[in-house]
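Below: one structure, written as structure tokens.
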Amino acid sequence: MVRHPSLQAYDWGLVALTLALLAVGFVNLKSAAPDPILLLRQGVALALGLLLAAGVQFLSRKTLFALAVPLYLLSLFLLLLVLLVGREINGAKAWFVLGPLQFQPLEMAKLALVLLLARVLEGRPIRALWDYLLPASLGLPLVALLLLQPDLGGSLVVLFGAFAVLFVRGLPWKHLLLGGAVLAILVPAVVWPNLKPYQRERVLIVLDPYRDPLGQGFQVIQSTIAIGSGGLFGKGYGQGTQAQLGFIPFRHTDFVFAVFAEEWGFVGVVALLGLYGLFLARILGLALECPRLSDRLFIAGVGGMLGFQVLVNLGVALGVLPVTGLTLPLLSYGGSSLMATLLALGLVLLVHRDRMQP
262 MVRHPSLQAY
272 DWGLVALTLA
282 LLAVGFVNLK
292 SAAPDPILLL
302 RQGVALALGL
312 LLAAGVQFLS
322 RKTLFALAVP
332 LYLLSLFLLL
342 LVLLVGREIN
352 GAKAWFVLGP
362 LQFQPLEMAK
372 LALVLLLARV
382 LEGRPIRALW
392 DYLLPASLGL
402 PLVALLLLQP
412 DLGGSLVVLF
422 GAFAVLFVRG
432 LPWKHLLLGG
442 AVLAILVPAV
452 VWPNLKPYQR
462 ERVLIVLDPY
472 RDPLGQGFQV
482 IQSTIAIGSG
492 GLFGKGYGQG
502 TQAQLGFIPF
512 RHTDFVFAVF
522 AEEWGFVGVV
532 ALLGLYGLFL
542 ARILGLALEC
552 PRLSDRLFIA
562 GVGGMLGFQV
572 LVNLGVALGV
582 LPVTGLTLPL
592 LSYGGSSLMA
602 TLLALGLVLL
612 VHRDRMQP
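Under the working numbering, the residues of the sequence shown are numbered 262 to 619, in order.
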């Protein structure tokens with residue numbers, strides 16, 4: 262245990278960038294939320310998330326990595342349990358609900374898997390195809406349980422986090438090319454035929470949203486209209502017609518970027534993307550500053566998952582990717598997601614702080 266962590270040991274650049282994104286998120290949410298009570302709930306989640314991020318600072322990185330296996334097993338148990346007693350929300354049985362509190366075990370599972378992979382792969386280089394058996398045996402059970410909910414977006418985040426860890430560990434280029442070729446065969450031959458009708462429709466909507474303008478294509482059409490109508494400088498805070506008149510579905514969660522773009526325009530969007538770029542680059546910088554491989558792998562995994570969520574959420578809002586339900590980190594409404602993100606960043610700061618410790 263670390264009783265008195267030194268404030269000088271932390272990277273305050275990442276802290277400042279996180280707080281800046283949180284500030285933008287709350288300002289935007291005040292305009293986007295259909296119900297003012299959502300802002301209060303997000304504030305409570307923020308307070309709890311900050312407490313979690315601060316609380317883990319009294320651990321050491323050694324203790325954190327020692328908890329990798331118990332956290333992974335607990336995640337498996339909770340993902341099984343939620344299928345039995347969880348509440349179905351938006352078509353996915355992925356939530357534990359206790360009164361006003363909601364908890365999605367996916368958030369714990371993402372961190373647990375990245376932490377465990379970082380620990381076990383430190384001494385296991387990837388040279389041959391059978392070297393993937395161990396990471397696959399750890400990641401695929403989580404993905405399978407997520408697909409049973411079903412939560413395709415969450416399973417993709419888990420897969421990308423695992424891929425980020427493997428990539429930083431060192432993947433041979435021939436393996437990457439082979440993997441790309443296998444995906445090119447499996448997606449049309451196996452994945453596409455086994456998708457549910459609504460999942461296929463989401464993919465087809467990307468190609469032509471006007472094939473179902475009042476159904477599956479409605480939210481994509483309204484999102485792109487909002488983004489385009491923002492122009493150079495936007496319509497002004499709280500003045501976006503698409504958002505304020507309720508044309509953008511899920512405008513406080515999945516399509517929160519459309520609300521921001523309509524109100525702040527191209528200039529605001531460039532500033533926001535620049536802020537996210539600095540945020541993700543700083544996480545990568547912290548990974549590179551760690552001499553220990555397991556620390557680099559863990560931080561890279563967290564950064565990879567957050568970066569993937571940003572890219573997918575923006576792609577959905579712009580109509581170039583199918584709707585997945587992934588939130589925009591630190592901006593979208595969602596208490597479970599916000600607390601998990603702040604906890605993940607707190608762990609990144611912890612690992613980086615102790616990078617020189619034995």
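Glycine residues also receive a C-beta, built at the ideal position from the N, C-alpha and C atoms.
Here the structure is a predicted model, which means the values were calculated and not measured.
Buried/exposed call for residue i, threshold 16 Cβ in 10 Å
i: R614; result: buried
i: S398; result: exposed
i: P619; result: exposed
i: L610; result: buried
i: A542; result: exposed
i: Q303; result: buried
i: R512; result: buried
i: K496; result: buried
i: A445; result: exposed
i: L275; result: buried
i: E524; result: buried
i: F338; result: exposed
i: N289; result: buried
i: G595; result: buried
i: R388; result: exposed
i: P458; result: exposed
i: D412; result: buried
i: M262; result: With a pLDDT of 48 at M262, under the threshold of 50, the modelled position of that residue is not reliable, and the figure given next carries that caveat. M262 is exposed by the Cβ-count criterion.
i: I544; result: buried
i: A353; result: buried
i: E349; result: exposed
i: I466; result: buried
Residue i, enclosing alpha helix (DSSP H) - first and last residue
i: S267; result: Where S267 is concerned, there is no enclosing alpha helix (DSSP H), given that its DSSP letter is neither H nor E.
i: Q505; result: T502 to Q505
i: K323; result: R322 to A327
i: L413; result: L413 to G431
i: K291; result: W273 to A293
i: Q303; result: I298 to G316
Nearest-angstrom beta carbon gap, residue j and residue i [assumed within contact, 8 Å]
i: G526; j: G491; result: 4 Å
i: L606; j: T279; result: 6 Å
i: V343; j: P366; result: 5 Å
i: L604; j: A314; result: 6 Å
i: V404; j: L587; result: About 15 Å separates the two Cβ atoms, so there is no contact after all.
i: Q410; j: A355; result: 5 Å
i: S593; j: V517; result: 5 Å
i: R430; j: L558; result: 6 Å
i: Q477; j: R463; result: 6 Å
i: S336; j: A373; result: 4 Å
i: L608; j: V317; result: 6 Å
i: Q500; j: A487; result: Not confirmed; about 12 Å, so no contact.
i: V573; j: L582; result: 6 Å
i: L325; j: A370; result: No, L325 and A370 are not in contact; Cβ-Cβ is about 16 Å, not under 8 Å.
i: D272; j: L547; result: 6 Å
Of the listed residues the options, nearest to residue i (C-alpha basis)
i: L320; options: S267, V452, F494 and G565; result: S267
i: L493; options: Q483, F516, Y471 and V530; result: V530
i: G310; options: Y333, L591 and M566; result: L591
i: L549; options: G538, F540, G495 and A561; result: A561
i: G440; options: L390, V563 and K371; result: L390
i: L539; options: F508, C551 and V571; result: V571
i: V563; options: A425, M617 and L589; result: A425
i: G565; options: I482, T602, V584 and A578; result: T602
i: Y498; options: T514, I482, L362 and A519; result: A519
i: V375; options: P295, I387, G507 and S555; result: S555
i: L395; options: S416, A370, L506 and A423; result: A423
i: Q460; options: P433, V612 and G414; result: G414
i: S484; options: A293, R388 and G286; result: A293
i: L332; options: V305, R380 and L299; result: R380
i: A532; options: Q505, D272, L282 and V451; result: L282
i: G489; options: A578, V452 and C551; result: A578
i: V584; options: G507, P470, L382 and P402; result: P470
i: F421; options: K435, L401 and L406; result: L401
i: L382; options: L345, F428 and L362; result: F428
i: L334; options: L377, F521 and L589; result: L377
i: P433; options: L299, A450 and D392; result: D392
Residue i at chain D interface by Cβ criterion, 8 Å
i: L506; result: Among the protein chains of the structure shown there is no chain D, as only one such chain exists.
Residue i CB to nearest heavy atom of the ligand SAH below 7 Å
i: G400; result: Although the ligand SAH was asked about, the structure shown includes no ligands whatsoever.
Length-filtered (3 minimum) beta strand (DSSP E) runs lying within the segment 334 to 408: Listed in chain order, the complete beta strand (DSSP E) runs (minimum 3 residues) inside the segment 334 to 408 are 348 to 350, 353 to 359 and 362 to 364.
Unbroken stretches of the alpha helix (DSSP H), 4 residues or longer, contained in the segment 523 to 608: Every alpha helix (DSSP H) of 4 residues or more that sits fully in the segment 523 to 608 is shown, in chain order, as 554 to 578.
Quick one: which unbroken beta strand (DSSP E) runs of 3-plus residues sit fully inside the segment 441 to 480? Chain order, please. You should have found no qualifying run.
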